[in-house]
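Numbering (the numbering used here), first residue to last: 1323 to 1544.
Structure below.
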């Protein structure tokens, strides 16, 4: 479900990862008064020519100081908001299709009817750096902040972010920026073989001025 920044909107939107092979999300709605809600599934399918795979594999991302990788989850949409007439979505995606070699932080802006206004990826085409668990926020001016985790064989897992002003060129974020460097090897299997990083990523707009944005991200501590 989308966090909705419009107290006059009578529709709740829901967005899900639908078919990476065809580059599609699926949008559904909940309407009607409390107690008589109506769920309408599949009102639109925002689509990009950029394909992705749902899952990269267990402990997919590398890390410095260990041969044991870190799990980066799957491509389910875990950050979604409705702001200024658009739906804003961020998700982890695995590329290339069918034989993924890296994870990317993928983001969208689209109209509820499915028209894609912006699409982009935070990625390293060389495959050295992996990005996962993004969360997205747009402020009153349509400036955008995305927070996420970054992984590499040459670094400990770090907390990162990227930003764009609304006036920046479409589909483009400013440089990937380290919020907090990783400090050590991360290994938390909790009795299993999966080195779970977790779904913990939050980015939001300050309610006082509706312009400043905040992000909370994970990094590997000592």
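We put the beta carbon where it would ideally sit given N, CA and C, even for glycine.
All figures in this text were calculated on a predicted structure; none of them were measured in a lab.
Buried or exposed by the 16-neighbour rule on C-beta atoms within 10 Å, applied to residue i
i, result
"residue 1488", "exposed"
"residue 1359", "exposed"
"residue 1525", "buried"
"residue 1520", "exposed"
"residue 1492", "exposed"
"residue 1496", "exposed"
"residue 1542", "buried"
"residue 1530", "exposed"
"residue 1411", "buried"
Residues that DSSP places opposite residue i in a beta bridge
i, result
"residue 1503", "Residue 1503 is not bridged to any residue."
"residue 1473", "1452"
"residue 1328", "In DSSP, residue 1328 forms no bridge with anything."
"residue 1536", "1526"
"residue 1512", "Paired residues: none, contrary to the question."
"residue 1338", "1348"
"residue 1428", "1413 and 1443"
"residue 1483", "1469 and 1499"
"residue 1457", "1469"
Cα-Cα separation, residue i to residue j
i, j, result
"residue 1306", "residue 1443", "Here the chain comprises residues numbered 1323 to 1544, so residue 1306 is not present and cannot be evaluated."
"residue 1605", "residue 1456", "Coverage of the chain is limited to positions 1323 through 1544, which leaves residue 1605 absent and any answer about it impossible."
"residue 1461", "residue 1533", "5 Å"
"residue 1327", "residue 1409", "10 Å"
"residue 1609", "residue 1441", "Beyond the ends of the chain as shown, which are 1323 and 1544, falls residue 1609; an answer cannot be given."
"residue 1381", "residue 1354", "43 Å"
"residue 1433", "residue 1544", "43 Å"
"residue 1424", "residue 1476", "15 Å"
"residue 1337", "residue 1514", "31 Å"
"residue 1345", "residue 1402", "17 Å"
"residue 1414", "residue 1383", "12 Å"
"residue 1446", "residue 1397", "17 Å"
"residue 1503", "residue 1357", "48 Å"
* To do: Mind the definition here: the segment 1359-1374 touches the segment 1413-1428 only if three or more C-beta pairs lie below 8 Å; say whether that holds.
  => yes
* To do: List in chain order: all unbroken beta strand (DSSP E) runs of 3+ residues lying wholly within the segment 1347-1421.
  => Entirely contained in the segment 1347-1421, the beta strand (DSSP E) runs reaching 3 residues are, in chain order, 1360-1366, 1383-1385, 1388-1392, 1401-1405 and 1408-1417.
* Are the segment 1481-1497 and the segment 1347-1365 touching, with three or more C-beta to C-beta distances below 8 Å? -> no
* Pair every Cβ in the segment 1510-1526 with every Cβ in the segment 1463-1470, then say whether three or more of these pairs are closer than 8 Å. => For the pair of segments examined, the segment 1510-1526 was found to touch the segment 1463-1470: the number of CB pairs separated by less than 8 Å reaches three.
* Asked: Pairing CB atoms from the segment 1494-1514 with CB atoms from the segment 1414-1423, are three or more of them under 8 Å?
  -> no
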